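Novice: Protein chains in written order, with the numbering used here: chain E, 179 to 970; chain D, 9 to 181. Note that beta-carbon positions come from the ideal geometry of N, C-alpha and C, so glycine has one too. Predicted, not measured: the structure shown is a model, and the values here were computed from it.
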Amino acid sequence: MRRKPSPFALPRIIEEAIRASIPATSRRDFLKTSGALVISAIPASKGLAQAASESAGPYPDPDYLELDTWIVIHPDNTATFFVGKTDGGQGTGTAFRQMMCDELDIAYDMTSLVMGTTDITPDQGGSGGSDAIEVDGWPMRRTAAEARRVLLELASDELGAPVAELTARKGIVSLTGNPSRSVTYADLIGGRRFDVSLTGRNINATTGIAEVKSAQDLEVIGQSIPRYDIPAKVDGSLTWAVDVKIPGMVHARNIRPPMAGAQLASVDESSVSGMPGFVAVVRRANYLAVVFEREEQAINGARALRAEWTPPAEAPFPSSDNLYDFIRSQEPVASSDPIVSGNPEAVLSSSEHVVEAEYEVPFQGHTAIGPAHAMADPSDGQMTIYSNDMKSYGLRNGVAEFLNMPRDKVRVVYMDGPQVYGRTAADDAGFEAAYLAHELGRPVRVQWMRDEETAWDTKGPAFTFKLRGSLDADNTLNALEYEARCLDYNHLWYNDPETVLIAQLMGIRSDEPARGSSPTPAVQYGIEHQRLAGHVVSLPMIWETPLRCGNLRDPNGPQVTYAFESFIDEMAAAANADPIEFRLKMIEESAEDARFRKVRSLATLRQAAETFGWDSRPSPNPNVAETSGPIASGRGVAYTHRNGTVVAVIAEAQVNKDTGRIFVNRLVCAHDCGLVINPANLKYTVECGMLHGLSRALWEEVKFDEEKVTSVDWASHPSMRHSDTPESIEVVIVNGDPNPDRPDMPHYGAGEASHKPMIAAIANAVYDATGVRLRRIPFRPDLVLEELLAQS
Amino acid sequence: MEIHMALFTLNINGASQEVDVDPSTPLLYVLRNDLDLKGPRFGCGLAQCGACTAIIDGVAVRTCVTPVSAVTGNITTLEGLAQNGQLDPLQQAWIDEQVPQCGYCQNGQILNARVLLDNNPNPTDAEIRQGMEGVLCRCMSYYRIQAAIKRAASNSTASYIDAMASDTQEATS
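(1) Do E/CYS847 and E/TYR926 come within 8 angstroms of each other at the CB atom, strictly closer than that value?
(2) List, in order along the chain, the chain E residues whose C-beta lies closer than 7 angstroms to that of D/THR71?
(3) Near E/GLU964, what residues of its chain come up, given a Cβ to Cβ distance below 6 angstroms and the 5 sequence neighbours on each side ignored?
(4) Taking the alpha carbon of E/ARG461 as the reference point, which residue from E/GLN441, E/LYS776, E/ALA604, E/GLU530 has its own alpha carbon closest?
(5) How many whole angstroms separate the CB atoms of E/PRO510 and E/VAL714, which I take to be in contact at a CB cut-off of 8 angstroms?
(6) Just to make sure I have the definition right: I need the residues of chain E whose C-beta is within less than 8 angstroms of the C-beta of D/ARG137. Which are they?
(7) Who are the near neighbours of E/ALA333 in its chain, counting only those whose CB is closer than 7 angstroms to its CB and skipping five residues on each side?
(8) List, in order along the chain, the chain E residues whose C-beta lies closer than 8 angstroms to that of D/PRO34?
(9) Given this structure, state the Cα-to-Cα distance separating E/GLY306 from E/MET898, to the nearest angstrom.
(10) Listing by chain order, which chain D residues have their CB less than 9 angstroms from the CB of E/TRP144?
(11) Taking the alpha helix (DSSP H) that D/ARG122 belongs to, which residues open and close that run?
(12) For E/THR602, which option in E/THR289, E/GLU631, E/PRO621, E/VAL577 has the closest C-alpha, if you only look at C-alpha atoms?
(13) Are E/GLY548 and E/TYR672 touching if we call contact CB-CB under 8 angstroms?
(14) Given a limit of 7 angstroms on CB to CB distance, which residues of the segment 73-104 of chain D reach chain E?
(15) Where does E/VAL422 land, buried or exposed, given buried means 16+ other C-beta within 10 angstroms?
(16) For the segment 537-550 of chain E, which residues have a CB atom closer than 9 angstroms to at least one CB atom of chain D, in sequence order?
(17) Using 8 angstroms as the limit for Cβ to Cβ distance, is D/GLU26 near chain E?
(18) Taking E/TRP971 as part of the beta strand (DSSP E), name the residues at either end of that continuous run.
(19) What is the DSSP secondary structure of D/CYS72, reduced to helix, strand or coil?
(20) If the criterion is Cβ atoms closer than 8 angstroms, does the pair E/VAL887 and E/ALA633 meet it?
(21) When we look at the beta-carbon of E/ARG347 and count the other beta-carbons within 10 Å, is it buried (16 or more) or exposed?
(22) Against E/HIS870, what residues of chain D qualify as contacts under a CB-to-CB distance less than 9 angstroms, listed in chain order?
(23) Please report how far the alpha carbon of E/ALA174 lies from the alpha carbon of E/ASN582, in whole angstroms.
(24) Please report whether the beta-carbon of E/LYS348 lies at a distance below 8 angstroms from any beta-carbon of chain C.
(25) What does D/ASN41 reach in chain E if we use C-beta pairs closer than 9 angstroms?
(26) Nearest-angstrom Cα distance between E/ALA482 and E/THR289?
(27) Rounded to whole angstroms, what's the CA-CA distance from D/GLY116 to E/HIS544? Just pull it up for me.
(28) In three-state DSSP terms, what is E/PRO733?
(29) Name, in chain order, the residues that DSSP records as bridge partners for E/THR823.
(30) In chain order, which beta strand (DSSP E) runs of at least 3 residues are fully inside the segment 379-442 of chain E?
(31) Who are the neighbours of D/ARG152 on chain E, taking C-beta pairs under 9 angstroms?
(32) In the DSSP assignment, find the unbroken alpha helix (DSSP H) run with D/ASN92 in it and report its ends.
(33) So with CB distances below 7 angstroms, who are the chain D contacts of E/SER873?
(34) Compute the Euclidean distance between the alpha carbons of E/ILE907 and E/ASP652, then round it to the nearest angstrom.
(35) At what residues does the beta strand (DSSP E) containing E/ASP850 begin and finish?
(36) Could you tell me if E/ARG506 is buried or exposed, where buried requires 16 or more neighbouring beta carbons within 10 angstroms of its beta carbon?
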């Protein structure tokens, strides 16, 4: 599919950097001599957008097998790193710099970083899966190590001494033991190319000859360096994707079908063509937009436009009130091969102590704080899209295919934006802006409105779960059946030109809708007899519907972990066992130990218990009966892993039995993600990941009737608020590796990992507090009160 | 259709600015598109989230629902919070506590916190929660926001790096 990049292509920005480093040879000042200063100043000025709009293309891919693609050393002895990732605010950009600084032996404040802009940074795919540090950090480290190797060889010639006798530090190479004989990186190569080729069958495997440093030799890694992007985010100087302005630009607003599957019968353009600033009504099949000179005019125009829609013949979906009955009533459209060990059916049917439970999870949305947006500029027959899409390369590829343009005439300039925890509507807005700009021949800014974002953004799928488990005479969980049904058929991939919303509305259909997935839980429990099965079911309507699923922060991990870790808690209660001891015992029984996850799981759970001050006892809290007054308090644990990261969280919750209101007053998280790049940054990302889980647990639910989504703003679609914030959050970084000082200690991811077990931990805490099990998300006061009454 | 434009003089961040717009235009779009300010941001257009906040004569105002014709008084946006090149103590606290994740909502968080502290320089935890209740963050940076407000209120001089040193010790097993 992908066009092979020309082996001789040098990214424009590097060309600029090199040319600009030689005085008066370049008009463009994208990267000046002092790269660090200019790059960090870009957000504060028009730099990025202006520089981008001044270069007419084409925009070939930077060649990741060229060292010059990744690193430029400037004549002032600073360096700029170019990486194909994006940073949704988890501080990965700062971490990338730390990793590359360490390998290059240059001081952090002598460097800058450019991310995710398709024609100037190598295609690392953008972000996703919390794997930036775990996966993409490696080629960054290796290329920086290779640059250091080359610099040491150059220094060896310059200083007349073998490499073995040289020391590199903070951008200076000196004779070991004789720092008076030294040479700077700038003297060796500043402003010039390395001209060194790398190898690697794909970008993740990119490497030079040099080896990366051992964990013990890392100095910048491990420091809590403040994030470089934060000052400009708090003083108002940052230019975000929403801020890009281009001469001649116009403003567009979409008009969505008033009910899913409605056909656009007619549009009365005269209803808006006389309004001030009118530019165009753009219609193709069921895609409809208005374009005006000014933003408020476009908003007014979208409201005023008269259009007739024909409702679909049949209801596109059941109402959210009937969602779970619907899911259970459907024949699966896809099923994964069940994971089976032993003979769970036989054990369950002969066991005297069987527990059964069902759990229900609604659709939940991204519902970004800033609705989806993009700016597209069609100048010079090219297409430049300014976007916060976390997969900028995919957006570039998808738009090129959608508009039938050569890929090197399309580029995406990645800029900061509201949260991107997966496949957000930033994809859709990027395509829409590009389409409208292409049609109108003018720069177009598309901005979704709040109701559009909340109703039509991609959703994490709804689930039902059924679990059965049995205890043997020793109260050990000896058999378990897990069956999940996930409403995920036609799952949207990123920036797919056949399934992006505008394509659907234009009548484009992919030949075969994506099956979707219904995964099994990620735990490390040794259970002798097990059957884990997942099915995907479908809504009646899978196209042109706001109930469209895409990846939302560890796609299905929070839902699956909620059900599974709630059920493990039910089994622990049935066994009259302490919930942590019950889990530790099962982990010890586990035969699997990839990435030392068994011993790391044990360490992480134990650390969480220790930090919390967990006293061993079964749930519910024996004081439940004696609690006077409406507030009952309890603690709950949940544990899981995400790729290489192991995490255990403990929540302490207060439940108001009169109102059903839950307040999570304390959170503890033990988090083992191997080698930590930036401890403070990691801690804050873990914190926010947990609270995002808290929001999903307590508040979030997509509601709909049989025509449309009815949760469309922050009143009808509540989210966590300041008053929900725990009084105390403790994040403990664990290194549970059996050899904690291993020189090749890997670095794993963060963000999704701590998000994943939160819902279960809160549900388990509520059980501990009240003896009432919450088997349906969200735990809003009215719904909790209902459960308290029903189960008491 | 008749175009109703009108001249408005706005006092923004200490400077007088003239704009010629439809009187019903929400202040947000005037600030962003006519005056090129980047602090106030579109979040909901419904006065529900606070991303569009500006301070007008000491009051935190949701500019997305405020017609430009209704605005009198001195407007302060995030860009105007720093005085004489010195960040507002809240902005400094935001950096010290490393508050933002994506940061899109932080304009509203910081400006609402400014008004909160102007009216109540030493708020209790409960007063902070109550005073900030209407400002939403979807990265859920609330815990850090509240820590930053407390830091600014107590005028703590502890530096970021000092703070880090105490909470980054690794627990190993």
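Specialist: This is what the structure gives:
(1) Annotated as distal: E/TYR926 and E/CYS847, with beta-carbon spacing of 8 angstroms or more.
(2) Chain order gives no chain E residues near D/THR71, where near means a beta carbon separation below 7 angstroms; the closest approach is about 12 angstroms.
(3) Cβ within range, chain order: n/a, list empty.
(4) If we check each option's Cα against that of E/ARG461, E/GLN441 comes out closest.
(5) Between E/PRO510 and E/VAL714 a beta carbon distance of about 6 angstroms is seen, short of the 8 angstroms cut, so the two are scored as contacting.
(6) Contact of D/ARG137 with chain E by beta-carbon distance below 8 angstroms involves HIS900, SER901, THR903.
(7) Contacts found: LEU344, VAL351, VAL361, LEU366.
(8) Going along chain E in sequence order, the residues near D/PRO34 (Cβ under 8 angstroms) are GLU474.
(9) Near 24 angstroms, if we compare the C-alpha coordinates of E/MET898 and E/GLY306.
(10) The requested residue 144 of chain E does not occur in the structure, where chain E is confined to residues 179 to 970.
(11) From DSSP, the alpha helix (DSSP H) with D/ARG122 extends over 114-127.
(12) E/THR602 has its Cα closest to that of E/GLU631, out of E/THR289, E/GLU631, E/PRO621, E/VAL577.
(13) No.
(14) Sequence-ordered contacts of the segment 73-104 of chain D with chain E read THR85, LEU86, GLU87, ALA90, LEU95, GLN99, TRP102, ILE103 [C-beta pairs closer than 7 angstroms].
(15) Under the 10 Å beta carbon count, E/VAL422 is surrounded by 16 or more other beta carbons and is classified as buried.
(16) Cβ proximity to chain D below 9 angstroms picks out HIS544, THR545, ALA546, ILE547, GLY548, PRO549 from the segment 537-550 of chain E.
(17) Not an interface residue.
(18) Absent from the model: residue 971 of chain E. The displayed extent of chain E is 179 to 970, so no value can be given.
(19) In the structure shown, D/CYS72 sits in a helix (DSSP, three-state: H, G or I).
(20) Cβ distance < 8 angstroms, so E/VAL887 and E/ALA633 count as in contact.
(21) Classification of E/ARG347: exposed, given that the 10 Å Cβ count is below 16.
(22) By Cβ distance, chain D contributes ARG146, CYS147, MET148.
(23) Lying outside 179 to 970, the shown extent of chain E, residue 174 of chain E is not represented and no answer is given.
(24) Considering every chain present, this structure includes no chain C. Its protein chains are E and D.
(25) In chain order: LYS423, HIS429, ARG472, GLU473, GLU474.
(26) Distance between the alpha carbons of E/ALA482 and E/THR289: 51 angstroms.
(27) D/GLY116 and E/HIS544 have their C-alpha atoms spaced approximately 20 angstroms apart.
(28) In the structure shown, E/PRO733 sits in coil (DSSP, three-state: anything other than H, G, I, E or B).
(29) DSSP, once it has assigned bridges, lists E/ARG820 as partnering E/THR823.
(30) Runs of beta strand (DSSP E) with 3 or more residues, each lying fully within the segment 379-442 of chain E, are found at 428-432, listed in chain order.
(31) Among the residues of chain E, those whose CB is under 9 angstroms from the CB of D/ARG152 are TYR862, GLU865, CYS866, following chain order.
(32) No alpha helix (DSSP H) holds D/ASN92; DSSP gives it neither H nor E.
(33) Chain D residues near E/SER873: MET148.
(34) If I take the Cα positions, the gap works out to 36 angstroms.
(35) Going by DSSP, E/ASP850 is part of the beta strand (DSSP E) stretching over 840-850.
(36) With fewer than 16 other Cβ atoms within 10 Å, it is exposed.
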